[in-house]
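**Q**
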Amino acid sequence: MELAENQPNWIQLKDALARRLSPQVWATWINQIKCLEDNGKTLRIGLPDTFSLNWVKDHYRHVIEEELQSIGSIDLLFDLHEVGNDKEPEPSKASSPVEEALAIPEPVEEVRPTSFRSNIPTPSRPQLNPRYIFSNFVVGSSNELAWSAAQAIAENERPPYNPLVIVGGVGLGKTHLLHAIGHIFQKKRPQAKIQLKTSEAFINDVVTGIQEHRMPQVRSRYRNCDLLLIDDIQFISGKGHCQEEFFHTFNALYDAQKQIVVTSDRMPHEIADVEQRVRSRFAWGLIADLKLPELETRIAIIQQKAANEGLELDESVAKFLAQSVRSNTRELEGCINRVHAIATLRKTPITVNLTKEVLQGIISDKSQALTCDSIVRAVAAHFEIRISELKSTKRARNIAFPRQIAMYLCRNHTSASYPDIGNALGGKDHSTAINAVKKITEKITEPDVRNHIEEIERQLLD
Ligand code: ADP
Ligand code: MG
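The working numbering runs 43 ahead of the 1-based position in the sequence shown.
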């Protein structure tokens, strides 16, 4: 299939959108989009008429851009295309190995809103993504708080926190954990009423409820559920009336001791245009954040994804991918799929070289070029100490801590072994390097440690 090679970003994007959007939205809007240009830097997509073009721009632009961002830094352009151009093959009818590898999965996630949705009956059971279960979620220090809180909510008769607010950047597993809670809840209490909605779907329900004079039914649906799961609550920003509805729904459920879980891509106090009284509700329970997974977790995630797909992945490839793709797990998945697809097409095994070739332009060149020496230089500059001090045997905290950070960064960003890292820091023993990496990994959730690391990474990679 020519598309695989010529339109790699578009194929990945479509795949991601298929997973994220409802079948109705997919069939009505996304499926008619054609890729007009996909050159690695720009993705130009076309719709058949001005109405569709404007509709998609107005309603799905942010979703498309968000997913595209996870694939790489690619400019998105919208255009019109001529009707009657060659149709892309139906993904579900994929027949060649690469078509199968790139085939777009059946969309299963909760519905994004559109105004035509008001005619679609709300499902009595939540549409839980079968892949988003706890056993598919790899736990590390970056996400263990959110993971254990989510488990506690799902498993306990009397959950310890209400609400649970899961906060984290794009692609870090918020939706995954939300669905995982839904799965367990449903299994343990088959009679329980669960409402799983994106905040946009919630907004849409309220808006159409008002338009169609059905607010009592809408209210009763939300206020009589046993578990309310709202994904991406940040989109409630600026939607005054919907905030009001959310506020009353929250109060009703909270008073009735029903569980509420919301996810957000930012801390509640950072969501603009949200009334204080709504915001304050989020602080009543637990706010658990998801951070970027550290190297070991990224490797484990890759190995798990590969195993799930029956893919044989050498350890060196898993480590290379984990070192190269650091932005988020969704991007990591996209890269694995892409490498898998090309390897299938060429009928070759997945090696580090193939991975490098396939992901050229996507993974940061700077990241590939990092060495222990460049990291040592950046760490010394950041902490305003001399390189010779960093390499010395001084144990004062103002030197020892930066040294540990340098060792941690070397481990995360280069393929250097522990003995190599010890050498790069003035001939230390490999066990010193192992301990340093372990220490920083344990402390990575402390804001101070995290801030230093992120600042140095920005210096090195941006
Ligand atoms: P978010 O909602 O935070 O944007 P998602 O929950 O959609 O992110 O996660 C993006 C993808 O990454 C999903 O396919 C999800 O299964 C996967 N993912 C995220 N975190 C993990 C993890 N810790 N272990 C395994 N898969 C993960
Ligand atoms: Mg999400």
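Note that CB positions come from ideal geometry on N, CA and C, so glycine has one too.
Tell me which residues share the same chain as Leu329 and place their Cβ nearer than 6 angstroms to its Cβ, disregarding the 5 neighbours each side in the sequence.
**A** Around Leu329: Ala192, Tyr204 and Leu207.
**Q** Measuring only the C-alpha atoms, how far is Leu338 from Gln319?
**A** Approximately 38 angstroms, taken between the alpha carbons.
**Q** Cβ-heavy atom distance between Asp58 and ligand 2 below 7 angstroms?
**A** Checking the Cβ of Asp58 against ligand 2 gives no.
**Q** What residue ranges within the segment 259 to 319 form continuous alpha helix (DSSP H) runs of no fewer than 4 residues, ordered along the chain?
**A** Listed in chain order, the complete alpha helix (DSSP H) runs (minimum 4 residues) inside the segment 259 to 319 are 283 to 298.
**Q** How about Thr218: is its Cβ closer than 7 angstroms to a heavy atom in ligand 3?
**A** For the structure depicted, ligand 3 is absent and the ligand set comprises only ligand 1 and ligand 2.
**Q** Taking DSSP's pairing of strands, which residues face Val210 in a bridge?
**A** According to DSSP, Val210 bridges with Ser307 and Asp332.
**Q** Between which residues of its own chain and Gln55 is the CB-CB distance below 8 angstroms, once the five residues before and five after are set aside?
**A** Hits under 8 angstroms: Ile114, Gly377, Asn380 and Arg381.
**Q** Check whether the Cβ atoms of Val422 and Ile448 sit closer than 8 angstroms, and answer yes or no.
**A** Taking 8 angstroms as the Cβ cut-off, Val422 and Ile448 qualify as a contacting pair.
**Q** I'd like the list of long-range same chain contacts for Ala361, defined as Cβ closer than 8 angstroms, with 5 residues on each side in sequence excluded.
**A** The residues are Ile342, Ile345, Gln346 and Ala349.
**Q** Ignoring anything shorter than 4 residues or poking outside the segment 449 to 496, list the alpha helix (DSSP H) runs there in chain order.
**A** Runs of the alpha helix (DSSP H) inside the segment 449 to 496: 461 to 467 and 473 to 486.
**Q** If you follow the beta strand (DSSP E) that Arg438 is part of, which residue opens it and which one closes it?
**A** Per DSSP, Arg438 belongs to no beta strand (DSSP E) and is neither H nor E.
**Q** How long is the line joining the alpha carbons of Tyr297 and Asn82, rounded to whole angstroms?
**A** C-alpha separation (whole angstroms): 51 angstroms.
**Q** Is Val321 near Phe289, with beta carbons less than 8 angstroms apart?
**A** Contact: yes.
**Q** Rank Leu221, Asp118, Thr394 and Asn172 by C-alpha distance to the C-alpha of Thr306 and give the top, closest one.
**A** Residue Leu221 is the option with its Cα nearest to Thr306.
**Q** If you draw a straight line from the C-alpha of Asp275 to the C-alpha of Leu356, how long is it?
**A** Distance between the alpha carbons of Asp275 and Leu356: 33 angstroms.
**Q** What does a CB cutoff of less than 7 angstroms around Ile464 pick up in its chain, not counting 5 residues either side in sequence?
**A** Closer than 7 angstroms at Cβ, skipping near neighbours: Cys415, Met450, Cys453, Arg454 and Ala476.
**Q** When the Cα of Lys236 is compared with those of Gln302, Glu358 and Gln254, which residue comes out closest?
**A** Checked all of Gln302, Glu358 and Gln254; the closest Cα to Lys236 is Gln302.
**Q** Does DSSP classify Thr340 as helix, strand or coil?
**A** The answer is helix: DSSP assigns Thr340 an H, G or I state.
**Q** Can you give the beta carbon distance from Leu364 to Leu375, rounded, assuming they're within the 8 angstroms contact cut?
**A** Going by Cβ atoms, the distance from Leu364 to Leu375 rounds to 7 angstroms, so yes, they are a contact pair.
**Q** Name the two residues that bound the continuous alpha helix (DSSP H) containing Glu248.
**A** For the record, residue 248 in the displayed sequence is Asp; it is not Glu. Segment Ser242 to Gln254, the alpha helix (DSSP H) holding Asp248.
**Q** If you drop the 5 nearest sequence neighbours on each side, which residues of the same chain put their C-beta closer than 6 angstroms to that of Pro169?
**A** Contacts found: Gly225, Ile237 and Leu239.
**Q** Residues in the same chain with beta-carbon distance under 7 angstroms from Phe426, minus the five sequence neighbours each way, listed in chain order, please.
**A** These residues qualify, in order along the chain: Pro445.
**Q** Taking Trp190 as the reference, give the member of Pro173, Gly211 and Glu200 with the closest Cα.
**A** Cα-wise, what sits closest to Trp190 is Gly211.
**Q** In the DSSP assignment, find the alpha helix (DSSP H) that holds Glu198 and state where it starts and stops.
**A** Glu198 -> alpha helix (DSSP H) spans Glu187 to Glu198.
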